[in-house]
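Quick note on my numbering: the sequence shown kicks off at 441 and runs consecutively.
By construction, the Cβ of each residue, glycine as well, lies at the ideal position given by its N, Cα and C atoms.
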Amino acid sequence: MSNNVVIPTSSIFKDDILKGKVAFVTGGGSGICKGMAEALARHGAKVTIVSRTLSKLEAAAKEMRASTGGEFLAVAADVRDHKQIQVAVDKHMAHYGRLDILVNGAAGNFLSLSQHLSFNAFRSVIEIDLIGTFNTTKICFPHLKASKGSIINVSATLPYNGQVFQSHACAAKAGVDALSLVWANEWGPLGIRSNCIAPGPIANTVGMAKLAPEGTDSVRVPIGRLGEVRDIEHATLYLASEAASYVTGQVLIVDGGNWLQPSLEFGYPQVCEQELNMREIMEPEKAKAKL
Ligand code: HXC
């Protein structure tokens, strides 16, 4: 899809807005969450990145140290296994001594009709996205309580319109949204904020490759372009910073309006036809009069 809009090439945030803060980013070795980790470091935070494969994490950490001059710790752990996450958080605390920003970004996805999903396939995505988010947050809680920290959960708009081929991810991300609300409510009195970012179609990511395997030509976005990782970085910096100190329990949708108009996937003439059909059902007398 065309990209007429100018995206800022440098950050619009001051370099030191997260100075003294420390972040723990699951899924931070690649894709959107790597961008989130990099943006946090670029603005003063020290960062731990976590995913399953240490070699990929170490390569990502090396690259981001070079690009930001920031401090990165790479720790391998599978969010599905709370014991592994406990070890990872312990390593983080031994290294940095504090935790201010938790990004729950580890996720897995693929396209499949519900009837074609194996039981294990459904469970795998629920375990990574939803149970992984719970595991990590529960284990980080005492440290977030000590720092009056901030939780940023990576969610999705997919559940809002029951996206086809996405029953597993819809169920998981709706659960993530719900957890985030509960944490905002339960832990707001302790000074902890909990919010979600729901990215739309973001160019050059694994998620995009998996969810639009036929290419992006058919992707329609009101704002007129695909998202960039940078768009999610900006949302992350806002939610992690003092600018959002009175913001909790929110889902910040960063999708150029993509989720607002799923029926456009079928093309505009078809949408007009669909509207006419609906009118005929809702107001049959008026529709007859027009014929
Ligand atoms: C149907 C599939 C499948 C597919 C895997 N499975 N891929 N079923 N269609 N394309 C099934 C397998 O057959 C298996 O079931 C079960 O899922 C688990 O698969 P494994 O490969 O054994 O598990 P694992 O190695 O843990 O991999 C988990 C995964 C994988 C989710 C399947 O894709 C993964 O790790 N992905 C991480 C990277 C990723 O997907 N990132 C994109 C995130 S995008 P059986 O019954 O055979 O044992 C994202 C976007 C959200 O989340 C929305 C934004 C708009």
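Here Ile591 is bridged, per DSSP, to Leu542, Ser634.
For Lys486, the three-state secondary structure derived from DSSP is strand. Taking the Cα of Leu619 as reference, the smallest distance to any Cα among Arg633, His608, Gln606 is reached at Arg633. Around the beta carbon of Val622, a 10 Å sphere encloses fewer than 16 other beta carbons of the protein chains shown; the residue is thus reported as exposed. Between the alpha carbons of Phe605 and Leu557 lies a gap of roughly 9 angstroms.
Three or more Cβ pairs closer than 8 angstroms define a contact, and the segment 451–463 meets that threshold against the segment 539–551. Listed by position along the chain, the residues with Cβ atoms less than 5 angstroms from a non-hydrogen atom of ligand 1 are Ala547, Gly548, Asn549, Phe550, Ser552, Ser558, Asn560, Ala561, Ser564, Ala596, Val646, Gly647.
Counting along the chain, the unbroken alpha helix (DSSP H) around Val529 starts and ends at 522–536. Straight-line spacing of the CA atoms in His532 and Glu567 works out to 23 angstroms. The Cβ neighbour count for Ser685, taken over all protein chains shown within 10 Å, is under 16; the residue is labelled exposed. Annotated three-state conformation of Gly667 is strand, per DSSP.
The segment 461–478 and the segment 657–666 do not touch, with fewer than three beta-carbon pairs separated by less than 8 angstroms. Shown here, Leu480 sits in a helix according to DSSP, grouped into three states. Just measuring C-alpha positions, the residue of Glu478, Gly548, Leu630 sitting nearest Pro582 is Leu630.
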